[in-house]
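Numbering follows the working numbering, in which position 65 of the sequence shown is assigned residue number 70; successive positions increment by one, without gaps.
The C-beta atom is built at its ideal place from N, Cα and C for all residues, glycine as well.
Values in this document were obtained by computation on a predicted structure and should not be read as measured data.
Reading through the structure tokens given below for one structure.
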Amino acid sequence: MKDTFPKSSVMVIGEMIGYADGGVVSKQVLKSEAGNITLFSFDRDQGLSEHTAPFDALVQILDGEAEIMLGGETIRLKKGESVIMPAGVKHSLHAIIRFKMLLTMIRG
């Protein structure tokens, strides 16, 4: 089961997750009926294969650089940049260099 972070505590969100050599790490920050927030780290050349999600999702890059295929279009994001992935649109992620992201999915 993924970790859920404590409420009412100050966090430096990018420091709340580390990298795993050759892997992907995820930690659940917050989960509710309204949606969830998950922190991810990807080592270089790691990623998530093409899939869809039933709800819009905001991706915020906290460190590094990622390539996102979104509806057949390639988007490169680096630290400080974000994109909203629309519900039902096929997407995949690939680490150009290792990166961390915060994924916020809102149901509705």
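Discussion item. Among the candidates N41, V29 and S87, whose CA atom is the shortest distance from the CA of H99?
Written reply: Counted from its first residue, the sequence shown places residue 99 at position 94. Here the closest residue by C-alpha is V29.
Worksheet item: Relative to the C-alpha of I102, which residue among N41, F10 and R49 is closest?
Response: Taking the first residue of the sequence shown as position 1, residue 102 is located at position 97. If we check each option's Cα against that of I102, R49 comes out closest.
Worksheet item: Do L82 and A92 have their CB atoms nearer than 7 Å?
Response: Here residue 82 corresponds to residue number 77 of the sequence shown, with the count starting at 1. Here residue 92 corresponds to residue number 87 of the sequence shown, with the count starting at 1. The Cβ-Cβ distance between L82 and A92 does not fall below 7 Å.
Worksheet item: According to the Cβ coordinates, are S46 and I22 closer than 7 Å?
Response: In the sequence shown, the residue the question calls residue 46 occupies position 41. In the sequence shown, the residue the question calls residue 22 occupies position 17. Contact: yes.
Worksheet entry | Residues that DSSP places opposite L63 in a beta bridge | Your numbering for residue 63 matches position 58 in the sequence shown. Per the DSSP secondary-structure output, L63 pairs in a beta bridge with I89 and T109.
Worksheet item: In chain order, what residues of the same chain have a beta carbon less than 8 Å from the beta carbon of D116, not counting five sequence neighbours either side?
Response: What is shown of the chain runs 6 to 113, which leaves residue 116 out entirely.
Fill in: Reduced DSSP secondary structure (H/G/I, E/B, other) of E55
Against the sequence shown, residue 55 aligns to sequence position 50. E55: strand per DSSP, three-state reduction.
Worksheet entry | Counterpart residues of K32 in DSSP-defined beta bridges | The count along the sequence shown starts at 1 and reaches residue 32 at position 27. Note: K32 sits in a beta bridge opposite L44.
Discussion item. Using C-beta distances below 8 Å, list every residue in its chain close to S54, excluding the 5 sequence neighbours before and after it, in chain order.
Written reply: Within the sequence shown, numbered from 1, the residue matching residue 54 stands at position 49. Once the five neighbours on either side are set aside, the close Cβ partners of S54 are S97.
Worksheet item: Exposed or buried, which one is G69 when buried takes at least 16 other CB atoms within 10 Å?
Response: Within the sequence shown, residue 69 is the residue found at index 64, counting from 1. So G69 ends up on the buried side.
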